[in-house]
Amino acid sequence: MVKRVAVIGGGAAGLVATKTCLEEGLEPTCFDRRDSLGGLWVFDEKVQENLSNCMWTTTMNASKEIMAFSDFPMPKKFPNFIRSSHAEEYLQSYALNFNLDKFTRLSTEVVMIKRAEDFFTSGRWTVTSKNLKNGETMTEVFDGVMVCSGHHLEKHIPKLPGLDEFKGQIMHSHDYRKPLTLTGKRVLVVGLGNSGGDIASEVGLSTEVMLSTRRGAWVMERRGSRGLPWDIEMLTRFGSLVDKLLPLSLSQKLLAASFMAKLDHDLYSLTTTTMPKGISGFLSDDLVNRILCGRVHIRDDIKRFAESSVEFVDGTVEDVDVVILATGYHIRFPFIEKEASYTFIFLLKTLHHLQVVDIEDNLMPLYKRVFLPDLEHQTLSFIGFFNVSGPLWQIFELQSRMAVYTLTGAIKLPSRRRMKEDIREMENKRTQICPDTLRHSVEVAWFPFMEELAEVIGCKPNVWRLLLTDPKLGLKVLFGPAVGAHYRLHGPGQWPGARQSILTVMDRVYYPFNTRKVPSGLPQSIELLRRLLYPSTLQILAMYLFILVLIVLVFVVHCTKADLPSIMVKRVAVIGGGAAGLVATKTCLEEGLEPTCFDRRDSLGGLWVFDEKVQDNLSNCMWTTTMNTSKEIIAFSDFPMPKKFPNFIRSSHAEEYLQSYALNFNLDKFTRLSTEVVMIKRAEDFFTSGRWTVTSKNLKNGETMTEVFDGVMVCSGHHLEKHIPKLPGLDEFKGQIMHSHDYRKPLTLTGKRVLVVGLGNSGGDIASEVGLSTEVMLSTRRGAWVMERRGSRGLPWDIEMLTRFGSLVDKLLPLSLSQKLLAASFMAKLDHDLYSLTTTSMPKGVSGFLSDDLANRILCGRVHIRDDIKRFAESSVEFVDGTVEDVDVVILATGYHIRFPFIEKEASYTFIFLLKTLHHLQVFLPDLEHQTLSFIGFFNVSGSLWQIFELQSRMAVYTLTGAIKLPSRRKMKEDIREMEKKRTQICPDSLRHSVAVAWFPFMEELAEVIGCKPNVWRLLLTDPKLGLKVLFGPVVGAHYRLHGPGQWSGARHSILTVMDRVYYPFNTRKVPSGLPQSIELLRRLLYPSTLQILAMYLFILMLLVLVFVV
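One gets the working numbering by counting positions in the sequence shown from 1 and adding 36 to each.
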């Protein structure tokens, strides 16, 4: 009988080891240096050497149900992917529930573990510990020792050439605690793993980051299909059974194909030649989006450092200010006796990371990663010293049970020879799936390793017996996620609550999503279309099998059966120096007009000129604002964006592009900066001349000036006057209230209870950002359709979706079917019901937005979608579903009023009509006597704004010059009514949607009026290469420069090289060759596109008809 056990470490492994000892009648003593239980999950902002810790924003890579201990499910209120604070809370409640605190010694360091004098007869150990508060030491004898100290203690600083010469800041990921704001710094993160990916993504919010990797990595997100946690789908007993039946090479290729189907790793410079069954991969929700938006650049391995720069192995040299080493840790046991036998030398020799890998030293001689075969008595065990692509805590528990049952004699270990054979066999399996590096020397395959441990313990579930005796439970065990309770159904350690825990897994998965009552009303046909057009991989395989059967059937059956005059307008006032104002100014110059562009700012760029200072009635963007359309779609027609720009540009890129556009076309000569337009009135001779008087004020010297212009183009935008909704009780609320207009840089609101009102682009972005530091409630009246900037395999969404061919197909379909198909595509990527995002509006309206982070924040419990607000109180809010929550900060992302304070107030019916925002092609007021006043950019659209700015500007200018003659007032009003009728078919009746337009059809209408709409069919005959690009490629602005007024000689080349510019910013690392071509073939077969799915259904239909006919 073993009475006393020393447990070294009070983290997850140490706590479950202590609890297992108590279950089996042993007397454990758990030692931990910290003053509270929880191990590395107890966040401490203070950096301490040789003490593991996590980052403030660390989120588990395994979901709560898979990670939880077998007989203690996590609270259902916890998000599916928990943060460090949740992990600490769970571990401490685990300790409290099982009275583990009575058996722990906190603030106590183990300084030495030695074999007792009678070790060779008793197997006992002497443990010397030191109380860190009073300095007292104590030496005790224990019958067993369980080492649970973890392997994130001693930082590994690689010997990189020149690193000692580098004069900038160097830090290790161990010392990174909270998000750093390194604005303007040139940052290099070394190491493409979980820590490196997370740190690069976080720092990338404030500056651009280089992320260096030696061999690349496989990257996936925590979200699986339709938004469920990845491991709930992938880590199942049935999946593991299928995987076991397949040849290893095929299994690896199938997994690689699934990775490549979700993200083109070649395109993102992430490719690795290692198959994804090794641990050369990691999970990251943000890294891929940061790469796409140009905030993180994947770079090659490092050749050497200089004083302020780094050279990579591909020869490129970059300046660097800050280096963050995410290079892992040495595994050390400083508390184990130094005068050790060969056994301990071998242990210490092989349980740490070295820079240079010695294959001979790469073996780890631990039986089941727990026991040293050569020890005379198996009373020393090691818990948690492995790497695994899956949840750690389940294995901690199984290893602890095995170690304790061995100590009690319930398990008899095999002979030394048999244990060594098992180690060699495990090593052979490891080398088949992992590269030969010391980092991978402790790698295990998650599910097979758990099954091995369970078999030794005697708690492996008999699935086939369960299917016969308890089918409901058997089906859950076979097809559901492999949770820890599987190993508590029978055998030693059986738990009566295991069955109920397994049956209610999905209830706990779904619970944290239920933050808003999901409205009913979406047609059932949407779900049917989703299932038809976005089938799972198993459904795809079943379809191939069905086609094969039909082909055989057809074969068997067959065998058995045998110019206008121009009016020169000289002067044009352009109000606003943003994107719309600049393209209007440039178009005026092209047509021989004399523009004057007025802007209140002291530089060109409009709202894209970031200013940390908040000014009312002046539009601005957030520091982290990223365009929702990619650079190729957003760019002006005759001025492509630099190929070095990321596909989704930030405000700084937009400002740089607009200012280079102004410089290229000499627009600065025609601008008046720091000048406010205070009044626009019709001139005295307006009814005969159509002219306007414009009064402006110089904001630097206060001087005013009144001038007469032949035309006015209003390009001031509609993000000026904040809309503060009249929410009941808001005036009584005592906490902080701010509007999204005033939100500039990421706020750290740790510990604050934050409510964001409004589920749109700004609301979603702000909630996602603030959610990094605290949990956020996001209130919505009607829900929204949400999608990411990434399309299939990582390409920008609009490069795939916004094509002329797609629009042609969409035009041929009935509106209701087109809307349902689009809704089905949204639901296939993310289950909006599950995420409480559902809206009854169809997605062809503007009731949707793009967000790369919001769904991940919801999944990880950082953002909670809530219903509409009923009323506020002094420090709380009540929602319409009756729930009441305390609130400290309210952020109103509630949009803006469209105002024109500079247009004469004593207006006729014409201007009242203007304020109702109904005008011909969103540009002209039909009732004006002269069409010399135009409005550019006053619309909402799910697509590129700048292309429409340009087409509207061309239409307005060509009208001023007389090149275009507008239709009669009656015809313009008919056109307005027709456009309004189309709008009401796809948009809800709200003021927000009153200026919504359908992106491509609206551009085509404008192009037809201008006379620049491309003739695709003629192009296909006369220039097939160009014609195919125009028909099937993305709709870029250069399409409208191929012919007609404003024709540009560079349009053809610009269209043909679109994809070169799309691919260019991804090429930051030389992608290694070596992956089998069969992986690409498998990807195409198992993850076909929607068009391929439709073609498959058509083929099946033809085969069925053929069977019937034959």
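Even for Gly, the Cβ is constructed at its ideal location relative to N, Cα and C.
Does DSSP put residue i in a helix, a strand or coil?
i	result
C57	helix
Y570	coil
G275	helix
N167	strand
W500	helix
C624	helix
W821	strand
E347	strand
Q530	coil
R1054	helix
S1158	Outside the shown range of the chain, which is 37 to 1146, sits residue 1158, and nothing can be said about it.
G510	helix
For residue i versus residue j, is the C-beta spacing smaller than 8 Å?
i	j	result
G50	V41	no
Q435	V406	yes
L87	L127	no
L319	E269	no
R840	V1145	no
G330	E238	no
V255	L290	no
M33	R566	Residue coverage of the chain in this structure runs from 37 to 1146, which leaves residue 33 outside it and unanswerable.
L1078	P1050	yes
I1046	R990	yes
G819	P559	no
L271	A518	yes
Excluding the five sequence neighbours on either side, which residues of its own chain have a C-beta within less than 6 Å of the C-beta of residue i, listed in chain order?
i	result
V36	No information on residue 36 is available, as it lies outside the stretch 37 to 1146 that the chain covers here.
P265	S99 and N116
G227	A362 and T363
A53	V43, M182, C184, I419 and S436
I538	K512 and A521
L387	Any reading at L387 must be qualified, since the residue scores a pLDDT of 37, below 50, and its modelled position is unreliable; the value itself is stated next. I367, listed in sequence order.
E124	G74, W77 and V78
E805	P782
Apart from the five residues just before and just after residue i, which ones in its own chain have a Cβ nearer than 8 Å to its Cβ?
i	result
R544	K100, E101, P109, M110 and K112
V492	K404, M438 and I447
G897	F114, P115, N116, F117, I118, R119, H122, P548 and E811
V959	S970, F971, I972, Q988, M991 and A992
How many whole angstroms separate the CB atoms of residue i and residue j, which I take to be in contact at a CB cut-off of 8 Å?
i	j	result
S978	P832	No, S978 and P832 are not in contact; Cβ-Cβ is about 14 Å, not under 8 Å.
F706	C633	6 Å
F105	E433	6 Å
I835	P1112	Their Cβ separation, rounded to whole angstroms, is 27 Å, which puts I835 and P1112 out of contact at 8 Å.
L928	V793	5 Å
Whole angstroms is fine: what's the gap from residue i's alpha carbon to residue j's?
i	j	result
S911	T919	14 Å
E926	L873	In the sequence as presented, Glu is not what sits at residue 926; that position holds Val. Approximately 20 Å, taken between the alpha carbons.
N398	A860	Below a pLDDT of 50, predicted positions are generally treated as unreliable, and N398, at 32, falls in that range; the measurement from the model is reported next regardless. The straight-line gap from Cα to Cα measures roughly 50 Å.
V592	L247	59 Å
D674	S687	21 Å
L858	L849	12 Å
V541	L564	26 Å
D1096	T249	24 Å
I1136	T1126	15 Å
V147	P370	8 Å
N230	Y212	13 Å
E63	I149	18 Å
F274	R524	19 Å
G998	W728	18 Å
Leaving out five residues before and five after residue i in sequence, what residues of the same chain have Cβ atoms less than 7 Å from its Cβ?
i	result
N683	L328, S666, K667, P832, V1098 and P1101
T56	S436, R437 and V440
Y1133	none
F156	E412
I'd like to confirm something about residue i: is its beta-carbon nearer than 7 Å to some heavy atom of the ligand FAD, or not?
i	result
M1039	Because no ligand of any kind appears in the structure shown, any question about the ligand FAD cannot be addressed here.
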